[in-house]
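First up is the structure itself, then whatever we jot down about it.
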Amino acid sequence: MMKKLLSTLLFSIGLLATAQVGIKTDTPKAQLDVNGDANFRNKIGIFNATDNTVFQGNNDQLLVSRGEGFAPIWKSLRIPEYEPNKFYLIYNNSFSDKVGVTFTSSEDSTVGFASRGATFTKGKELNSLPGFKKITNLSKTISVFSTQSKAYFQFETVVQADFGAVGSVDTSIDYACGIFVDGKLVNLRQRNLKAITSTHPFLTHTQIGIVDNLAKGDHTVDVACTRLGSYGASGNKLSIGINGYSNINDFIAQSSLKVDVYEVPEVFNTIIN
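Residues -19 to -1, 1 to 254 in mature numbering (1 follows the signal peptide of the UniProt record, and there is no 0) are what the sequence shown lists, from first letter to last.
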């Protein structure tokens, strides 16, 4: 009798090792298919065939599948801890451009010196501002997920003119660069590049713009510049974000845009290592 019972038990184990077994299902989809609740009273371990060890995971870890043919792996589940009504950095990125824009003296803006303050106002449509050219690779799309946000834009470039060497600073060009969100002006800086005692002078241009509480969703960001006016600079070229002459190279002259969006979180996405 004992031999028969032992034979039956060994036969059943052999079936389990070679066939699919279903619990509460007649059509198992895996070697062990449980249709219902499962209760593990002790620990679950992952066998490592390399060193014959069993790793039971650490506290607060989850067992995650890596797909058919691969052993599962323990992962740590991290849920960010946010304090209410505080801003957190949600989006951060930076972009660069070596194409830049150039202006001839015939492209001086039609906006007169006296009317610049009235023309360059917050919210002005880019399409309504004459003479502005976009810096191509700085045009990007960003996403905002909360109604309470602060978006920071830091733009930097190099501006160069093809002035010859002169002893007077009366030769110069006015220019302006603006940061636009959804086609509307949010920040603008005007500057003047003067001739000096050496040829092809250049300067580093930096500006920072801030926008509060953008609507939830996607937004376009553009940087565009214009040549405003010339003083004793008839026929001279202005280059922004591109090296017009060999005293600087395209690495030095390139433009960059850094975007940081801080939000009071409304949506909490879990993150798995």
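Positions of the beta carbon are idealized from the N, C-alpha and C atoms, including for glycine.
| Query | Result |
| --- | --- |
| Same chain only: Cβ atoms within 7 Å of Q42, ignoring 5 sequence neighbours per side | W55, K56 and S57 |
| Residue closest to P182, alpha-carbon to alpha-carbon, out of K197, G216 and S227 | S227 |
| Simplified DSSP assignment, three categories, for G159 | strand |
| Same chain, Cβ closer than 6 Å to D155, neighbours up to 5 away in sequence not counted | N173, L209 and G210 |
| According to DSSP, residues forming a beta bridge with G210 | D155 |
| Straight-line gap, S124 to V162 (C-alpha atoms, nearest Å) | 12 Å |
| Residue nearest to D78 in terms of C-alpha spacing, selected from K115, N108 and L44 | K115 |
| Segments of 3+ residues assigned as beta strand (DSSP E) that fall wholly inside the stretch 66 to 118 | 69 to 78 and 82 to 84 |
| Start-to-end residues for the alpha helix (DSSP H) that takes in F232 | D231 to A234 |
| From A205, T31 and I189, residue whose alpha carbon lies closest to that of G159 | A205 |
| Secondary structure of A142, DSSP reduced to three states | strand |
| Simplified DSSP state of V15, which is helix, strand or coil | strand |
| Whole-Å CB distance - G3 paired with P9, under 8 Å assumed | 3 Å |
| Cβ separation of S220 and S86, assumed to be a contact under 8 Å, to the nearest whole Å | Wrong, their Cβ atoms sit about 13 Å apart, outside the cutoff. |
| Contact under 9 Å by Cβ, F68 with E247 | no |
| Cutoff 7 Å; reference L(-15); Cβ partners in own chain excluding five residues on either side | Since pLDDT at L(-15) reaches only 46, below the 50 mark, its modelled position is unreliable, and no value is offered. |
| Pick from I223, L195, A95 and A11 that is closest to V245, judged by C-alpha positions | L195 |
| Rounded separation between Q135 and G98 - CA only | 22 Å |
| Own chain, CB closer than 6 Å to H89, minus 5 neighbours either side, in chain order | At residue 89 the sequence reads Asp, which differs from the His that was named. Taken in chain order, the residues that qualify are R208, G210 and S211. |
| Simplified DSSP assignment, three categories, for S124 | strand |
| Candidates A176, A11 and P111: closest to G48 by CA position | A11 |
| Span separating the alpha-carbon of S84 from that of L110 | Residue 84 is actually Phe in this sequence, not Ser. Spanning the two alpha carbons is a distance of roughly 16 Å. |
| Close Cβ partners of F113 (< 8 Å) along its chain, the five nearest in sequence each way excluded | L107, G159, A205, C206 and T207 |
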